[in-house]
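Peer 1:
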Amino acid sequence: MTKLTPPKIKEVSNLKLHQPIISQLDNGIPVYDTRIGDQEVIKLELIFDNGRPYENKRLVGRITNRLLKEGTRKYSSKKIAETFDYYGATLQVPVNLDHSRVIIYSLKKHFDRLLPLLKELVSAPTFPEEELVNLINRSKQRLAIDLSKNDTVAYRLVTEKIFGENHYYGYNSDIKTFDAVTREDLVNHFNNFYGSSNCKIFISGKTDDSILKKLNKTVGKILTPISENRNPTPTIPKAKKRVKIKTKETVQTAIRVGCHLFNRQHPDYLPMSVLNTVFGGYFGSRLMSTIREEKGYTYNIYSMVDTMRYDGCFYIGTEVGNEFVEPTFKGIYEEMDKLCNKPIKADELKMVQRYLLGNMLTMLDGPFNTSDVIRTIVTNDLPFTYLDDLIRTVKSVSAKDLQALAQKYFQKEKMWEVAVG
24 MTKLTPPKIK EVSNLKLHQP IISQLDNGIP VYDTRIGDQE VIKLELIFDN GRPYENKRLV
84 GRITNRLLKE GTRKYSSKKI AETFDYYGAT LQVPVNLDHS RVIIYSLKKH FDRLLPLLKE
144 LVSAPTFPEE ELVNLINRSK QRLAIDLSKN DTVAYRLVTE KIFGENHYYG YNSDIKTFDA
204 VTREDLVNHF NNFYGSSNCK IFISGKTDDS ILKKLNKTVG KILTPISENR NPTPTIPKAK
264 KRVKIKTKET VQTAIRVGCH LFNRQHPDYL PMSVLNTVFG GYFGSRLMST IREEKGYTYN
324 IYSMVDTMRY DGCFYIGTEV GNEFVEPTFK GIYEEMDKLC NKPIKADELK MVQRYLLGNM
384 LTMLDGPFNT SDVIRTIVTN DLPFTYLDDL IRTVKSVSAK DLQALAQKYF QKEKMWEVAV
444 G
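Residue numbering for the sequence shown follows the working numbering, beginning at 24 and increasing consecutively.
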């Protein structure tokens, strides 16, 4: 029988972020151009700082952006969809807690044909009343489905407890919240928060100066500056107790354990990302090895450092049989204690370092992924040395550093506990 020899493990090296070409449109919007790749495709992304921290009414940021493509002064929603389909392009209008985005994927040869539609989308949406009603009805139906899932309810509850129900990162939507949104709210939010002064553009792929000139003739001529008014940061509540919601006819309970943390600008963020990976951030983590592999309580368990622009949190999530709820809580804290009381071994730290560096290779694979990294850096107000700093931290962080970090943040009295099932 032929003996098989596995490939040698090679250390990841030469990780370097391709620096974007930074320019500015006539109306002051910065453009971050990632000019790499061989394929004749382009990704264009407009990002507006107008998410939850800027809302005057709950959910208006999310709904406003979702309705941008549902009709403008010149184009109906049907015409917009048909045009993008005809040219083999894709239009997306995603939102997160901090930003609204308009994304176009297009063949380079058709890019200029889509710019008139883009111009209309970000300057002259009409927010048709019928489309608003349809979107709200669909959203309420989706919400009803989501609220029947224990893991969704647990996530909503733990973030609400960590930040507070009145915090822009902590509030949860309900039927009344959707019903309270009016077309006038959307128009006001659009007029107040879709401008050149809170917009950034990220373009990647087979771009060139001619593409930027075309972009300047459209988007560079329409948006004007606005006055941003971010809401003040609410007070973060202290962890007090376990919250349990009993649901009917379920054999599993969704568990969340979490605490308030920080955003990416905090000096502990980079080493904390390493500690989180050790604890529950990949398949070989401590939580997976014990709670899943050794004890068999669950199929999946993870931990996450969840960062927003102005804040952040840490939480553990899993679903277990109802009979394993208490042992799982106990097991989670035992793993925290181990990291607090004893430095991790060199081979375990080496495995995590290799895993993280390998992930970075994927992050920088191709123009679109590279542009996503640049977008993360820019929208979180980070320096362009951020990736170098992350690589340096991953390679140099010691077991003692991680132990000290665990002692600082893995404290049971700071944790909210949620059980839904």
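Built from N, CA and C at the ideal position, the CB exists for glycine as well. The structure displayed is predicted, hence computed values, not measured ones.
Need the endpoints of the alpha helix (DSSP H) that F201 sits in, please.
Peer 2: Residues 198 to 202.
Peer 1: Give the DSSP bridge partners of R377, in chain order.
Peer 2: Answer is none; R377 lacks a bridge partner.
Peer 1: For the beta strand (DSSP E) holding G84, just list the boundary residues, first then last.
Peer 2: Secondary structure note for G84: it is in no beta strand (DSSP E), and the uninterrupted alpha helix (DSSP H) holding it is 83 to 89.
Peer 1: Quick check on DSSP: helix, strand or coil for P76?
Peer 2: If DSSP states are grouped into helix, strand and coil, P76 belongs with the helices.
Peer 1: Taking DSSP as the reference, what is the three-state secondary structure of D49?
Peer 2: coil
Peer 1: Are there 16 or more other CB atoms within 10 angstroms of the CB of E93, so buried, or fewer, so exposed?
Peer 2: Under a 10 Å Cβ-count criterion, E93 is classified as buried, with 16 or more other Cβ atoms of the shown protein chains found around its own Cβ.
Peer 1: Using the beta-carbon count (16 or more within 10 Å), is P148 buried or exposed?
Peer 2: buried
Peer 1: What are the uninterrupted segments assigned as beta strand (DSSP E) that are 3 or more residues long and contained completely in the region 305 to 351, given in chain order?
Peer 2: As far as the region 305 to 351 is concerned, its whole beta strand (DSSP E) runs of at least 3 residues are 324 to 330, 335 to 344.
Peer 1: Among R253, I367, S171, P139, which one has its Cα closest to the Cα of Q426?
Peer 2: Comparing Cα positions, the closest option is I367.
Peer 1: With 16 as the cutoff for other CB atoms within 10 Å, does R75 come out buried or exposed?
Peer 2: buried
Peer 1: Cα-Cα, which of Y409, W439, L48 is closest to L38?
Peer 2: Considering only alpha carbons, the answer is Y409.
Peer 1: Am I right that L69 and I259 are in contact with their C-beta atoms under 8 angstroms? What's the rounded C-beta distance?
Peer 2: That belief does not hold up - the Cβ atoms of L69 and I259 are roughly 32 angstroms apart, past 8 angstroms.
Peer 1: Quick one: Cα of N215 to Cα of S123, how far?
Peer 2: 13 angstroms
Peer 1: The beta strand (DSSP E) that contains I127, what's its start and end?
Peer 2: Membership of I127 in the beta strand (DSSP E) is indicated by the continuous run 123 to 130.
Peer 1: Is R265 helix, strand or coil by DSSP?
Peer 2: strand
Peer 1: Using a Cβ distance threshold of 8 angstroms, determine whether the region 419 to 438 contacts the region 362 to 376, with at least three qualifying pairs required.
Peer 2: Taking 8 angstroms as the limit for Cβ pairs, the verdict is that the region 362 to 376 does touch the region 419 to 438.
Peer 1: Pull up the DSSP beta-bridge partners for C222, would you.
Peer 2: F71
Peer 1: If I'm right that L325 touches G307 with Cβ under 8 angstroms, what's the distance once you round it to whole angstroms?
Peer 2: Going by the sequence as given, residue 325 is Tyr instead of Leu. The pair is not a contact, with the Cβ atoms about 12 angstroms apart (cut-off 8 angstroms).
Peer 1: Since I believe A277 is in contact with G444 (beta carbons under 8 angstroms), could you give me their beta-carbon distance rounded to a whole number of angstroms?
Peer 2: 6 angstroms
Peer 1: Give the straight-line distance between the Cα atoms of T95 and V125, rounded to the nearest whole angstrom.
Peer 2: 15 angstroms
Peer 1: Give the DSSP bridge partners of Y55, in chain order.
Peer 2: I45, F225
Peer 1: Using the three-state DSSP reduction, which class does Q445 fall into: helix, strand or coil?
Peer 2: Examination of residue 445 is not possible in this model, given that the chain is present from 24 through 444 alone.
Peer 1: Considering I445, what are the terminal residues of the alpha helix (DSSP H) in which it resides?
Peer 2: Outside the modelled stretch of the chain, which goes from 24 to 444, sits residue 445, for which no answer is possible.
Peer 1: Please work out which residues of its chain come closer than 8 angstroms, Cβ to Cβ, to H133, disregarding the five sequence neighbours upstream and downstream, and give them in chain order.
Peer 2: Y110, G111, A112
Peer 1: Closer than 6 angstroms by C-beta to L284: which residues in its own chain qualify, once you throw out the five before and the five after it? Chain order, please.
Peer 2: If we look at L284 and ignore the five residues flanking it on each side, its Cβ neighbours are G335, C336, F337.
Peer 1: Report the CB separation of S486 from P390 in whole angstroms; it is logged as a contact under 8 angstroms.
Peer 2: Here the chain covers residues 24 to 444 and nothing more, so residue 486 does not appear.
Peer 1: Look at the alpha carbon of N73 and the alpha carbon of E153, and state the distance between them as a whole number of angstroms.
Peer 2: 24 angstroms
Peer 1: Does the separation of the CB atoms of L238 and G218 fall below 7 angstroms?
Peer 2: no
Peer 1: What is the residue span of the alpha helix (DSSP H) that T393 lies within?
Peer 2: 390 to 402
Peer 1: What's the C-alpha gap between Q376 and Y305?
Peer 2: 12 angstroms
Peer 1: Can you give me the Cβ contacts of N50 inside the same chain, cut-off strictly under 6 angstroms, excluding the 5 residues immediately before and after it?
Peer 2: S219, G243, L246
Peer 1: Could you have a look at S146 and say whether DSSP puts it in helix, strand or coil?
Peer 2: helix
Peer 1: Which class does G111 belong to by DSSP, given the choice of helix, strand or coil?
Peer 2: G111 falls in the coil class under three-state DSSP.
Peer 1: Assuming L141 and T57 form a contact by the criterion Cβ under 8 angstroms, report the distance between their Cβ atoms to the nearest whole angstrom.
Peer 2: Actually they do not touch by this definition, with Cβ atoms about 19 angstroms apart.
Peer 1: State the start and end residues of the unbroken alpha helix (DSSP H) segment that holds E440.
Peer 2: Note, E440: premise wrong, no alpha helix (DSSP H); beta strand (DSSP E) at 439 to 443.
Peer 1: Looking at G281: is its Cβ nearer than 7 angstroms to the Cβ of I355?
Peer 2: Contact: no.
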